[in-house]
Structure formats: structure tokens, C-alpha cells
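Heads up, the thing below is written out as C-alpha cells.
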Amino acid sequence: MLIPWRKVDAWTCLRCFYCCVEYNVYLTSWEAEWISRAYGIHIELTPKGWRLKRAGEPCPFLRRDQYGRSYCLINMDKPRACVSFPFVITRRPLRGESDKLAYYPTGRDRGVYVYVRDDCPGVGRGVPLEKALRRTLIKLGYMRRVA
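Counting from 10, one number per residue, gives the positions in the sequence shown under the numbering used here.
So, in C-alpha cells, the structure goes:
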């Protein structure tokens with residue numbers, strides 16, 4: 010279930026890689042072309058867009074080391090969908106009405122609406138959610154880092 014970000018206290022990535030198995034991963038057309046060429050992976054075009062992987066199947070870039078720890082083979086080239094997890098970031102509220110609890114000001118003339126996937130095992134743990142969210146928004150280009 011998606012919940013407005015202000016209703017969540019904390020989040021940290023536990024490196025459980027739940028997100029790398031349980032969700033569809035859709036790419037932008039640019040990401041699909043880049044990943045396909047750089048890594049030789051077939052990206053499926055569906056009615057919803059370019060899909061890297063299906064829900065319930067492990068990501069083709071998910072690997073395990075000799076100690077059983079998981080890691081992402083393309084960590085530095087992760088698609089936006091992976092970088093943003095567990096956040097769902099939109100320009101309009103999902104519920105159709107103004108959702109003040111989901112609004113995050115980006116420092117530009119308009120902000121974004123942010124929701125958190127509550128089934129992520131890292132929700133409720135770790136750093137204050139606003140700090141993790143701010144880092145993610147900066148990485149994705151919604152905000153600039155302020156010195």
C-alpha cells in the first residue's frame with residue numbers, strides 16, 4: 010500500500026533486495042536503450058512501457074557473493090525506478106485531491122507528491138525519512154544540493 014511520506018518516521022535500505030524481486034521494473038525509453046546496449050539485456054516493451062523485469066522474478070542484475078550477500082551488478086547505472094524505491098514520486102496527488110501529507114517542496118515553483126511503499130522491510134527503521142527522501146530527490150534531479 011502507498012502511504013504519504015509524512016506518515017512514515019524512518020527508512021533505510023536493509024539490502025534485503027525485496028524490491029529486486031517483488032516488483033515490475035519499468036524503464037524510460039532512454040534507460041531501456043542504454044541498459045540493453047551496455048549490458049546486452051533484452052528489455053520487453055509492454056502496453057505500460059519498457060519492462061526490465063516482472064514482479065515475482067529476480068532482477069537480471071541481482072547477484073549473490075560467495076557469502077550469500079546480495080548485490081546489484083549495475084549499482085552505478087541503476088534505473089530511476091530502482092533509485093527511487095520505496096518512494097513513488099509524482100507531480101500530482103495519487104488520490105485525485107490535494108494530499109498535504111504527501112506534498113514535498115522541491116525549492117522550485119512547484120513540489121512533488123511522495124508516497125512510500127509500506128511493504129518495504131526498511132520502512133520504520135534507520136534514518137529519519139525526510140533525510141532519506143531528500144537524498145533520493147537530489148539523486149533524481151528533483152532538487153539541488155544546498156551547501
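No residue lacks a Cβ here, since even glycine has one placed at the ideal position from N, Cα and C. Here the structure is a predicted model, which is why all the values come from computation and not from measurement.
Asked                                                                                     : Found
The stretch 94 to 102 / the stretch 38 to 55 touching (three or more Cβ pairs under 8 Å)  : no
Enclosing beta strand (DSSP E) for I52 [first to last residue]                            : From DSSP, I52 is part of no beta strand (DSSP E); its letter is neither H nor E.
Span of the alpha helix (DSSP H), counted from its first residue to its last, around K148 : L138 to K148
Residue closest to G116, alpha-carbon to alpha-carbon, out of R153, E53 and V97           : R153
Identity of the residue in K148, G65 and A41 nearest F96 by Cα                            : K148
Closest by C-alpha distance to W59, when choosing among T37, F70 and V136                 : T37
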